[in-house]
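Student: Residue numbers (my numbering): 1 to 210.
Structure in structure tokens, see below.
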Amino acid sequence: MKVLLVNGSPHVEGCTYTALTEVASALQAEAIETEIFHIGTKPLAGCFGCRKCGELGHCVFSDRVNDFLAIAGDADGFIFGSPVHYASACGAMVSFMDRVFYAGSNSGKRPFYLKPAAAVCVARRAGTTATFDMMNKYFTISEMPVISSLYWNMVHGFTPEEVRQDQEGLLIMRTLGRNMAWFLKCKEAGLHAGVDFPKQEERVMTNFIR
Ligand SMILES: Cc1cc2nc3c(=O)[nH]c(=O)nc-3n(C[C@H](O)[C@H](O)[C@H](O)COP(=O)(O)O)c2cc1C
Numbered sequence: 001m002k003v004l005l006v007n008g009s010p011h012v013e014g015c016t017y018t019a020l021t022e023v024a025s026a027l028q029a030e031a032i033e034t035e036i037f038h039i040g041t042k043p044l045a046g047c048f049g050c051r052k053c054g055e056l057g058h059c060v061f062s063d064r065v066n067d068f069l070a071i072a073g074d075a076d077g078f079i080f081g082s083p084v085h086y087a088s089a090c091g092a093m094v095s096f097m098d099r100v101f102y103a104g105s106n107s108g109k110r111p112f113y114l115k116p117a118a119a120v121c122v123a124r125r126a127g128t129t130a131t132f133d134m135m136n137k138y139f140t141i142s143e144m145p146v147i148s149s150l151y152w153n154m155v156h157g158f159t160p161e162e163v164r165q166d167q168e169g170l171l172i173m174r175t176l177g178r179n180m181a182w183f184l185k186c187k188e189a190g191l192h193a194g195v196d197f198p199k200q201e202e203r204v205m206t207n208f209i210r
């Protein structure tokens with residue numbers, strides 16, 4: 001089983017990466033394969049709402065969003081990490097997640113369906129819980145079980161060295177990794193024992209005026 005960990009920071013080995021590596025180490029210790037996916041530093045457009053993803057099965061923009069969607073289907077779980085920028089996920093990560101989840105849900109491939117997910121937020125000082133809340137919204141509209149830890153998933157630091165000094169933050173990361181590994185094993189055992197995916201009804205969408 002494999003977990004994809006998304007580094008939404010412009011810094012390839014910065015504070016967010018440092019937090020994600022702690023989660024990854026705990027997953028690996030439980031025999032779960034991991035891959036850290038960096039969204040990169042090239043500009044990422046926001047979603048244009050063109051809905052072409054429904055026809056194409058991927059986003060119209062050829063960038064890291066499609067790179068990610070190409071491998072997401074093979075992953076069993078996801079951790080999305082972002083630095084806090086002005087008390088929210090950083091702008092590139094918002095664009096990335098908007099398009100990943102919109103194209104993912106419109107593609108007909110259901111790469112996230114009933115796969116566990118968690119958000120990890122990294123800040124020098126504040127804005128973590130607002131960021132954590134907004135990132136969790138992507139999972140809870142996508143039928144993804146949200147994995148939690150013993151505190152909201154945050155670490156504090158301005159440099160990787162400072163993050164490594166955040167003992168409680170690192171404990172939260174390790175616990176998150178172990179909890180996700182446990183959930184993945186339970187899901188696999190359940191499926192092997194014949195607990196099938198839930199029955200699904202045809203999708204209905206009603207606009208607010210009706
Ligand atoms: C544009 C910008 C906005 C930021 N806003 C906040 C903020 O609202 N709260 C905070 O505590 N830190 C803020 N920071 C600091 C980063 O969250 C912090 O340095 C984080 O560790 C960076 O992680 P990274 O190395 O993975 O990019 C901001 C940094 C930048 C560049």
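Note that CB positions come from ideal geometry on N, CA and C, so glycine has one too.
Taking its Cβ as the centre, do 16 or more other Cβ atoms sit within 10 Å of Asp133, making it buried, or is it exposed?
Tutor: One-based indexing of the sequence shown puts residue 133 at position 133. Under this definition Asp133 is an exposed residue.
Student: Starting from the Cα of Ala26, find the closest Cα among Thr140, Leu20, Arg178 and Arg203 and give me that residue.
Tutor: Here residue 26 is taken as the residue at index 26 of the sequence shown, counted from 1. Considering only alpha carbons, the answer is Arg178.
Student: Could you pull out every residue in the same chain whose Cβ sits closer than 7 angstroms to the Cβ of Val100, ignoring the five residues on either side in sequence?
Tutor: On the sequence shown, residue 100 is found 100 positions in, with the first residue counted as 1. Hits under 7 angstroms: Val65, Phe68 and Leu69.
Student: According to DSSP, simplified to helix, strand and coil, what is Ile79?
Tutor: In the sequence shown, the residue the question calls residue 79 occupies position 79. Here Ile79 sits in strand by DSSP.
Student: Kindly give me the distance between the Cβ atoms of Pro43 and Gly73, rounded to whole angstroms, as I take these residues to be in contact under 8 angstroms.
Tutor: As a first step, residue 43 is located in the sequence shown; it is residue number 43 there, counting from the start. As a first step, residue 73 is located in the sequence shown; it is residue number 73 there, counting from the start. Going by Cβ atoms, the distance from Pro43 to Gly73 rounds to 26 angstroms, so no, they are not a contact pair.
Student: How would you write the range of the beta strand (DSSP E) that Lys2 sits in, first residue to last?
Tutor: As a first step, residue 2 must be located in the sequence shown, where it is residue number 2. Taken as a continuous stretch (DSSP letters only), the beta strand (DSSP E) holding Lys2 covers Lys2 to Asn7.
Student: Is the distance from the Cβ of Lys109 to the Cβ of Gly77 below 8 angstroms?
Tutor: By one-based count along the sequence shown, residue 109 stands at place 109. By one-based count along the sequence shown, residue 77 stands at place 77. Note that the C-beta distance between Lys109 and Gly77 is not below 8 angstroms.
Student: If we count Cβ pairs, one from each stretch, closer than 8 angstroms, do we get three or more for the region 7 to 16 versus the region 88 to 103?
Tutor: yes
Student: Where Thr140 and Glu162 are concerned, what is the direct C-alpha to C-alpha distance, given to the nearest angstrom?
Tutor: Counted from its first residue, the sequence shown places residue 140 at position 140. Counted from its first residue, the sequence shown places residue 162 at position 162. One C-alpha to the other measures close to 32 angstroms.
Student: Could you tell me whether the Cβ atoms of Lys2 and Ala75 are closer together than 8 angstroms?
Tutor: Residue numbering aside, residue 2 sits at position 2 when the sequence shown is read from its first letter. Residue numbering aside, residue 75 sits at position 75 when the sequence shown is read from its first letter. In contact: Lys2 and Ala75 (Cβ atoms closer than 8 angstroms).
Student: Can we count Arg164 as close to ligand 1, meaning its CB is less than 7 angstroms from some heavy atom?
Tutor: Indexing the sequence shown from 1 puts residue 164 at position 164. Every heavy atom of ligand 1 is 7 angstroms or more from the Cβ of Arg164, so no.
Student: Is any non-hydrogen atom of ligand 1 found closer than 7 angstroms to the C-beta of His11, if you look at the structure I gave you?
Tutor: Sequence index remark: in the sequence shown, residue 11 carries index 11 (1-based). Yes, the beta carbon of His11 sits closer than 7 angstroms to at least one heavy atom of ligand 1.
Student: Going by DSSP in three states, Glu35 sits in which element: helix, strand or coil?
Tutor: As a working mapping, residue 35 is identified with position 35 in the sequence shown. Glu35: strand per DSSP, three-state reduction.
Student: Can you give me the Cβ contacts of Cys15 inside the same chain, cut-off strictly under 8 angstroms, excluding the 5 residues immediately before and after it?
Tutor: For the purposes of this step, residue 15 is taken as the residue at position 15 of the sequence shown. The beta carbon of Cys15 sits closer than 8 angstroms to those of Ser9, Pro83, Val122, Val155, Gly157, Phe158, Thr159, Pro160, Glu162 and Val163, all from its chain and outside the five residues before and after it, given in chain order.
Student: With H, G and I counted as helix, E and B as strand and the rest as coil, what does DSSP make of Ala89?
Tutor: For the purposes of this step, residue 89 is taken as the residue at position 89 of the sequence shown. Residue state, collapsed to three classes: strand.
Student: Helix, strand or coil for Cys50, going by three-state DSSP, please let me know.
Tutor: As a working note, residue 50 is residue 50 in the sequence shown. Here Cys50 sits in coil by DSSP.
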